[in-house]
Every structure is written in structure tokens, then in C-alpha cells.
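Peer 1:
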Amino acid sequence: MLVAVGSICHESNTFSLVKTDLKCFQEYELLLDEDILNYHREKNSELKGALEVAENQGIELVPTISASAIPSGPVTTVAFKFLEQNLLERIQKTKQQLEGILLFLHGAMVTEDLDDPEGYLLRRIREITGNAIPVGVTLDHHANVSPDMVKYADFLIGYRTHPHIDQSKVGQQAAHLMSFLMKNKIRPVMCMRKLPALLPGESSPKPRAKLVQRIKELERKEEILSASFFIGYSLADIKEVGSSVLVVAKKDEQLAQFETDRFAQLMWDMRHEFTLDAPTIDQGIDQALTSSDRPILFVDTGDCFWAGAAGDVPFFLRSFIRRKVKNAVIAAIVDPDAVDKCIEAGVDKSLTVKIGGKMDQINAKPVTVTGTVKVISEGKYWGKDFQFTEREIDMGPTVVFEVNGIDIILISQGASIHDPAMLRSLHIEPEDKKIIVLKDGLLNLITYKSVARKTLFFNSPGFANWDYSKRSYKKIPRPIFPLDDLNLSSWRKNQ
Ligand SMILES: [Zn+2]
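If you want the numbering used here, it's the 1-based position in the sequence shown plus 22.
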């Protein structure tokens, strides 16, 4: 049995001014054919999980393309066409032998001219293969699931964890399901319900645990093949935005609809519970300065480049200077221009430099500071990436610039910075520091678990700020929670 596998992943923040071009994929992951399998055997990825199942079930996987870039603004049309063409021509070439297609997508990509590129890709695949073979898809927890994705795929399965640590498990589940469908010649029924809700990408674990519990209950039923919920990705101004739930059943459409409705209601009833508690910057600094614990992690969620922000908002730097905070490290600010100036000056040299506010010119202005260059580095370190896989991570030329007891790590490009090994590679011992600012979301809950004494999340300025009311949405469906007064007991808007 031959199953084509492929992956095209991006989380596109339509409020970001930084476009995602082909170079962004080349820098993170852009592989074709056999290289894909070799690379993914070592990763905690969906493909790794699928490979393990395929080997046991006598399924041969035909690799096509595997592409992923760090979240950022919309993907350029040129880049998307390249990815699409490479996927489709490989499916076209093998279509006579294929018995199934398994794709690992993110589900929150937007391109310069497509709001639902995943739905579009699935439609194009159906144009090639027809309806003869099953097409299964795994999606990120932050997917904005669209009606077209449901229409053109046989099943969609989402991650259940955040931070996402279950990718290979989800890949295993998808491969098992694909094998079951192929062997039993079953074409399942899938039902999806979209909630009129924008929920925070970085969300509280408690309501999510209840939803995972419901998934387990549903999947114990003989007729139900899988169930998923999606927080969605609210930083996309598209009509497909928002949270959703879905159920895949063997053939009982009525049961699938009934359970999907019930699942949607459970999520809707908890809509107020997903938001994380966030102090103001002054409250956070007060808490840190009056505590004897160290280090305290300040999570700069608003400028997290893993949620599509630019990574160059110097909000914490400005606040620390204002509050005379010492012994802090800011990891990191993306500013290749400031890096160049520091490298030109040299180690131990003092200079005045403008930091940040060059890419995100909406939420930030550069800060002009005088300090000393402490470290100059190639910016490569060995550590865990966002999938918690060990690899060499490349931040581009990097410097540590010290201003009044604040170590500012200036990097040349967005990269995984979630591992404390990043600080140690720059001769900064995280446990010596009072405050560590990380441009991150929830990933540090795993990577900094043994280091941070306390973690505070800030709803800081940047393209990933959670304050929906400040975003100029034009295309999303209204009314929608929490922007509109939706005092509904049911998730159905029209009741
Ligand atoms: Zn995600």
C-alpha cells in the first residue's frame, strides 16, 4: 500500500508587516523526496509517528515535500506556488499507485492572495486524485479549520497539547486511521462546528484539559474514529478564523453531528476561562524586585515571533531602564542592523545604538542606548527547537550588549530561543539572573521548567498582543466573542 506524505506548515499573522518568502522556508525547513524521511526520523514530528506505524502495517510512504517557516506575516504568492507545485506534481506522478494521502499541515496559513490555502491545496489534490482514495490531514492546535478543509479531506486530526509535544503521537493516530480506512474500504463522515469565538493562542491549561477528557470519552465509542478541538489563530483577519471542534465517525452522520454539537457547547461554556492571567509591566517588575526568587521569567507574548510577531519591540528594555532594573537579560531582540554596529565596534567597546522598532513600526519605536559589547558570537547553539527536538539552532550573527546591568541579546534572525542553552552559549548563566525576558509563548513551560522559579506572562505590545479590540479586523465573521456582546447560552449564533 502506497501512501503519499507531505507537509506544508505556516502560521501567518495577517497583522504583521513582515512577509514570509521562500527564504524563510529555506532557513527553517524545505525538503524534498527521500531527504524528508531521513530528517524526520530524528524529530518529534507527525511524520516520525506515521513512519513508525507505516513500517508495522506494511505501508510504504512516498515523501513529497516538507516545508515549514517560523510564524510571520502572510506567505508570498511566489513561495506558496513553489510549495504547491512541488507537492502536486509528485502526487500527479504517483497517482495511479497511491492508495492514500496523508498531509501534515498547520492549518493557519494565509498567503498574499489566499485566505484558506490549506483548503485550496486539498481541493487541488482532489482534482488530481478524484474521490477514489482517502486523504487524511493532521493540524496544529491553532488551526483555523475551514469548510473546504472538511469538504476535501476524509479526516482532520489536531494536536491535544500546548506546548505542542504530541506531534508524533498525532502522526501515529493519523497513520493508524489511514491504514484502517484503506484496509476496510471505509470512507468516514466528518462533522465540524465553528464557534463564534476568538480564543487566546496562549491559553490556560484547565479548560483545555476538560476538552481533552471529552476527546478520550468520544474516542472510546466504537463508532467514533477521532475527535479534535482547535483553539484557532485569532491573528488572521479571515472569514475562516476561530475556534472549532470536529468529530470523525465511521458512517453514522447523525451521531457525528450530535456529538460535535455537544462538544461545541462544552467549549463555548468555557469561553471565558481560556485567558491567562497577565500583570501590567509595573506589577510584574514589583513582584520580581520584592521576591527573593531568581530567575523570574517574563514572557513577552505580544512580541513572540513564534506567534507571528516581529521580535523587535524593545518594550521590556524601555521599561527596565525606566524602573532601573538590574541583573536582567532580554532574550532576544531581532535587530541585524544593531548587531552589525556592535560587531564593528568590537568586544568591550562602548557605543550608542538604536535598538528595535525597525520591523514592527506600529507597536514600537527604537530605543537609543549607550552600552558595552560583551559578547560577539556566530549565533549558533545546540538546543531544543520549538518541537523540542535537539538540533543546531542558527540565530545569525549575535551579540550581547550591556546597558546599565541589562544584558540585551541582539540576534540577526528569528530562531528557537526557548532553550536555556541559548543563554549559556553566550556565557550567560540563567540561574544568576534576576529576570529573564523571553520572546515566547508557552514553550518555556517545558524548556525552562527546571530553571525558572516563577513565570509571568505579559500581554505586551507587538503583532501577537491578545487585545482583540485593538486589531483592525475587516473580514472576520461578526458577531464574535469577545469583541461583540454575544450573551448566548448556545454556541449557535442564530439561536
Ligand atoms: Zn500552535
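Built from N, CA and C at the ideal position, the CB exists for glycine as well.
#1: For S313, tell me which candidate among P501, L161, L445, R475 has the shortest Cα-Cα distance.
#2: Could you tell me the alpha carbon to alpha carbon distance between E64 and P501, rounded to whole angstroms?
#3: Go to W404, then tell me how far its alpha helix (DSSP H) extends in each direction, as first and last residue.
#4: Taking C-beta to C-beta, are F410 and N66 nearer than 8 Å?
#5: Excluding the 5 residues flanking T469 on each side, which residues of the same chain have their C-beta closer than 6 Å to its C-beta?
#6: Just to confirm, does H186 get its C-beta within under 7 Å of one of the non-hydrogen atoms of ligand 1?
#7: What is the DSSP secondary structure of T312, counted as helix, strand or coil?
#8: Among the candidates T160, S225, P229, A154, whose CA atom is the shortest distance from the CA of K207?
#9: Looking at V425: is its Cβ nearer than 8 Å to the Cβ of L268?
#10: Express the C-alpha separation of Q309 and T302 in angstroms, rounding to a whole number.
#11: Kindly examine ligand 1 and report whether one of its heavy atoms sits closer than 7 Å to the Cβ of D162.
#12: Curious, which full-length beta strand (DSSP E) runs of at least 3 residues does the segment 405 to 459 contain?
#13: With DSSP collapsed to three states, give me the class of R500.
#14: Can you grab the Cα-Cα spacing for the pair R2 / L127, in whole Å?
#15: In whole angstroms, what is the alpha-carbon distance linking D43 and A76?
#16: Which residue spans inside the segment 92 to 125 form an unbroken beta strand (DSSP E) run of at least 3?
#17: At which residues does the beta strand (DSSP E) containing S248 begin and terminate?
#18: Would you please state the rounded distance, in angstroms, between the beta carbons of P96 and K41? I believe it to be under 8 Å.
#19: Between which two residues does the alpha helix (DSSP H) holding F280 run?
#20: In the DSSP output, which residue or residues are listed as bridge partners for G28?
#21: Can you tell me whether DSSP reads C326 as helix, strand or coil?
#22: Please identify the residue among I398, D334, V473, D299 whose C-alpha is closest to the C-alpha of L39.
#23: Here's the rule I'm using: 16 or more other beta-carbon atoms within 10 Å means buried, otherwise exposed. How should V369 be labelled?
#24: Just checking my contact of P419 with I365 at CB under 8 Å: how many whole Å lie between their CB atoms?
#25: On a CA-only basis, which of S511, F177, L53, V25 is nearest Q119? Give me that one, please.
#26: Could you tell me which uninterrupted beta strand (DSSP E) segments, each at least 3 residues in length, are contained entirely in the segment 146 to 187, listed from first to last along the chain?
Peer 2: Inspection of the coordinates gives the following:
#1: Taking the sequence shown and counting its residues from 1, one reaches residue 313 at position 291. Per the Cα distances, R475.
#2: Position 42 of the sequence shown, counted from the first residue, corresponds to residue 64. Position 479 of the sequence shown, counted from the first residue, corresponds to residue 501. Going by the C-alpha atoms only, they are around 45 Å apart.
#3: One-based indexing of the sequence shown puts residue 404 at position 382. Note, W404: premise wrong, no alpha helix (DSSP H); beta strand (DSSP E) at 402 to 406.
#4: Indexing the sequence shown from 1 puts residue 410 at position 388. Indexing the sequence shown from 1 puts residue 66 at position 44. Yes, these two residues count as a Cβ contact at 8 Å.
#5: If you number the sequence shown from 1, residue 469 lands on position 447. K406, H440, D441.
#6: In the sequence shown, the residue the question calls residue 186 occupies position 164. Yes, since a heavy atom of ligand 1 falls inside the 7 Å radius drawn around the Cβ of H186.
#7: Within the sequence shown, the letter at position 290 stands for residue 312. T312: coil per DSSP, three-state reduction.
#8: In the sequence shown, residue 207 corresponds to position 185, counting from 1. Taking only the C-alpha atoms, the option nearest K207 is A154.
#9: Looking up residue 425 in the sequence shown gives position 403. Looking up residue 268 in the sequence shown gives position 246. No, they are not a contact pair.
#10: If you number the sequence shown from 1, residue 302 lands on position 280. If you number the sequence shown from 1, residue 309 lands on position 287. Spanning the two alpha carbons is a distance of roughly 11 Å.
#11: For this step, residue 162 is matched to residue 140 along the sequence shown. For ligand 1, at least one heavy atom lies less than 7 Å from the Cβ of D162.
#12: 412 to 416, 420 to 425, 428 to 433
#13: Here residue 500 refers to the residue found at position 478 of the sequence shown. Correct three-state label for R500: coil.
#14: Outside the shown range of the chain, which is 23 to 517, sits residue 2, and nothing can be said about it.
#15: Position 21 of the sequence shown, counted from the start, is the residue given in the question as residue 43. Position 54 of the sequence shown, counted from the start, is the residue given in the question as residue 76. The straight-line gap from Cα to Cα measures roughly 33 Å.
#16: none
#17: Mapped onto the sequence shown, residue 248 falls at position 226. It spans 246 to 252 - the beta strand (DSSP E) in which S248 sits, taken as one unbroken run.
#18: On the sequence shown, residue 96 is found 74 positions in, with the first residue counted as 1. On the sequence shown, residue 41 is found 19 positions in, with the first residue counted as 1. Correct: roughly 6 Å between the Cβ atoms.
#19: Here residue 280 refers to the residue found at position 258 when the sequence shown is read from its first residue. F280 -> alpha helix (DSSP H) spans 275 to 291.
#20: Residue 28 sits at position 6 when you count from the first residue of the sequence shown. G28 pairs with L125.
#21: Counting from 1 along the sequence shown, the entry for residue 326 is found at position 304. Reduced to three states, the DSSP call for C326 is coil.
#22: Residue numbering aside, residue 39 sits at position 17 when the sequence shown is read from its first letter. Considering only alpha carbons, the answer is D334.
#23: The residue given as residue 369 occupies position 347 in the sequence shown. Exposed, since its Cβ has fewer than 16 Cβ neighbours within 10 Å.
#24: Residue mapping note: residue 419 aligns to position 397 of the sequence shown, counting from 1. Residue mapping note: residue 365 aligns to position 343 of the sequence shown, counting from 1. Rounded, the Cβ-Cβ distance is 6 Å, consistent with contact.
#25: Counting from one through the sequence shown, the residue named residue 119 turns up at place 97. The candidate whose alpha carbon is nearest that of Q119 is V25.
#26: 157 to 161, 177 to 180
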